[in-house]
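A.B. asks: Be aware that the sequence shown starts at 112, since it is given in this note's numbering, and climbs by one per residue.
Ideal Cβ positions, reconstructed from N, Cα and C, are used throughout, including at glycine.
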Amino acid sequence: MSVPPVCVSIVTHNSRRYIRRCLEAVLSQHEVHLEVVVVDNASTDGTLKVLSPFRRRIRLIRSRHNLGFAAAQNLAIRHSSAPWVLALNPDVLLTPGFLRSVIEAADLDPRAGSVSGKLLSIGPGFTPLPEPRIDSTGIYFTPAMRHFDRGWHELDEGRFQRREYVFGASAAAALYRREMIEDISIDGEFFDPDFFTYREDADVAWRAQLMGWRCIYTPSAVAHHVRTVSPENRRSVSPVINMHSVKNRFLLRIKNATPGLLRRCWWSMLWRDLVVVGGCLLVEPASLRAFWELRQCARRAMAARRIIMARRRTPDETIAQWFDFKAVAQPITTMEIPQAVLTPVS
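1) Whole angstroms is fine: what's the gap from L362's alpha carbon to S398's?
2) With a threshold of 16 other CB atoms inside 10 Å of the CB of H336, please say whether the residue is buried or exposed.
3) Mind checking whether V277 and Y309 have CB atoms under 8 Å apart?
4) On the three-pair Cβ rule with 8 Å, is the stretch 369-381 touching the stretch 261-273?
5) Quick check: what's the CA-CA separation for M380 versus D220?
6) Quick check: what's the CA-CA separation for S247 versus F402?
7) From the DSSP output, which residues share a beta bridge with G234?
8) Select from M413, A440, F302 the residue whose C-alpha is nearest the C-alpha of I365.
9) Mapping the DSSP letters down to three states, classify T429 as helix, strand or coil.
10) Is it true that the stretch 173-182 meets the stretch 303-319, where meeting means three or more beta-carbon pairs spaced less than 8 Å apart?
11) Look at S212 and I250 and say whether their C-beta atoms are less than 8 Å apart.
12) Are the stretch 118-132 and the stretch 196-215 in contact at 8 Å, needing three or more beta carbon pairs?
13) Taking 7 Å as the limit between beta carbons, can you name the residues of its chain near M446, skipping five residues before and five after?
14) Hey, how far is the Cα of H258 from the Cα of K437?
15) Alpha carbon to alpha carbon, how far is S331 from A316?
16) Using C-beta distances below 7 Å, list every residue in its chain close to D427, excluding the 5 sequence neighbours before and after it, in chain order.
17) Output yes or no for whether 8 Å exceeds the beta carbon distance between W433 and F302.
18) Given this structure, state the Cα-to-Cα distance separating W263 from K229, to the nearest angstrom.
19) Skipping 5 residues on each side, what residues in its chain have a beta carbon closer than 6 Å to that of H144?
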């Protein structure tokens, strides 16, 4: 099997500690024609110096200011025409054969627009952990409109050893089909720049599901990820990231939640909203800025919603099956394409 060209798109921002080993692992992927695009978001820690020896093997785009992860990824994607794009964080190490494995998985289904490999946790500085633990095997949503990484922090004891359909892929290391990128982009933007950072991959996953695309998880594609943001370490995370997290929780819903899903999930969603707002008022006042930011981008979000709903191919009942308090996955061997997915929903 010949593997088509793959663009690996990486966004750096003060990533000196990780980017060298990340790129070495990417460039060691065999049997794949690689295009590597790195967008540097105004790093000040010497990242560019680390990137210098790689200049002949990568395309480096330097931004004078921090565009945010979403806009910078869009910029990288536009600088390639490869039929596959791997969005990759600089704090991720691919194992040999990762790219070949995710593309082979995507070939199982022409409506597979994205693929998640098995991401395993690794310590700061890429230091091994005493026991192998899961970082992500795909994204799942709850009725409270929270999204999590499937299997996060569980010991890797063989639970996630088969290919499955999942809701979406973590953009720490997500393969996207160019055809899907072009199909679900809005005004030429794949990732929504208003998200800036955090939850932008969940937005893409939800939009893709609404438009009839699927995501496959494959355990044979393994990578290691240094996770810096999780619900458990929120107090140690930058206030700016926490603010965007709050803003993007509501932005996700404005753009993507269908009326039927809102009716089904309203109680769980409302309860979680009260917890979030109460937390901002009592514990995290810096995140109150999220509601001002949300107001600034609300008109664009509503315009995007109108486009998404007009192009939606997936009915409410199909989307609703993904929203559960336990991680949902569906076997590839038994799942059929609902007829409603093949044509726009009126």
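C.D. replies: On the basis of the supplied data:
1) Translated into the one-based positions of the sequence shown, residue 362 becomes position 251. Translated into the one-based positions of the sequence shown, residue 398 becomes position 287. About 15 Å.
2) Counting from one through the sequence shown, the residue named residue 336 turns up at place 225. It is buried - the Cβ of H336 has at least 16 other Cβ atoms within 10 Å.
3) The residue labelled residue 277 in the question sits at position 166 within the sequence shown. The residue labelled residue 309 in the question sits at position 198 within the sequence shown. When the beta-carbon positions are compared, V277 and Y309 stay at least 8 Å from each other.
4) Judged by pairs of C-beta atoms under 8 Å, the stretch 369-381 does not touch the stretch 261-273, as fewer than three such pairs exist.
5) Residue 380 sits at position 269 when you count from the first residue of the sequence shown. Residue 220 sits at position 109 when you count from the first residue of the sequence shown. Rounded to the nearest angstrom, the two C-alpha atoms are 33 Å apart.
6) Against the sequence shown, residue 247 aligns to sequence position 136. Against the sequence shown, residue 402 aligns to sequence position 291. Each residue's alpha carbon lies about 29 Å from the other.
7) By 1-based counting over the sequence shown, the position of residue 234 is 123. Partner(s): T238.
8) The sequence position of residue 365 within the sequence shown is 254, counting from 1. Comparing Cα-Cα distances from I365 to each of M413, A440, F302, the minimum goes to M413.
9) Looking up residue 429 in the sequence shown gives position 318. T429: helix per DSSP, three-state reduction.
10) Cβ pair count under 8 Å is three or more, so yes.
11) The residue given as residue 212 occupies position 101 in the sequence shown. The residue given as residue 250 occupies position 139 in the sequence shown. With a cutoff of 8 Å on beta-carbon distance, S212 and I250 are scored as not near each other.
12) As far as the Cβ criterion goes, the stretch 118-132 touches the stretch 196-215, which means the pair count is three or higher.
13) As a position in the sequence shown, residue 446 is number 335, starting the count at 1. Bear in mind that a pLDDT of 44 at M446, under 50, signals an unreliable position, so the model cannot answer this.
14) Counting from one through the sequence shown, the residue named residue 258 turns up at place 147. Counting from one through the sequence shown, the residue named residue 437 turns up at place 326. C-alpha separation (whole angstroms): 11 Å.
15) Translated into the one-based positions of the sequence shown, residue 331 becomes position 220. Translated into the one-based positions of the sequence shown, residue 316 becomes position 205. C-alpha of S331 to C-alpha of A316: approximately 21 Å in a straight line.
16) Mapped onto the sequence shown, residue 427 falls at position 316. Leaving aside the five residues that flank D427 on each side, the residues in its chain whose CB is nearer than 7 Å to its CB run, in chain order, T369, G371, L372.
17) As a position in the sequence shown, residue 433 is number 322, starting the count at 1. As a position in the sequence shown, residue 302 is number 191, starting the count at 1. No, the pair does not count as a contact, with Cβ atoms beyond the cut-off.
18) Locating residue 263 in the sequence shown gives position 152, counting from the first residue. Locating residue 229 in the sequence shown gives position 118, counting from the first residue. As the crow flies, the alpha-carbon of W263 is around 11 Å from that of K229.
19) As a position in the sequence shown, residue 144 is number 33, starting the count at 1. Closer than 6 Å at the Cβ level, and outside the excluded window around H144, lie P116.
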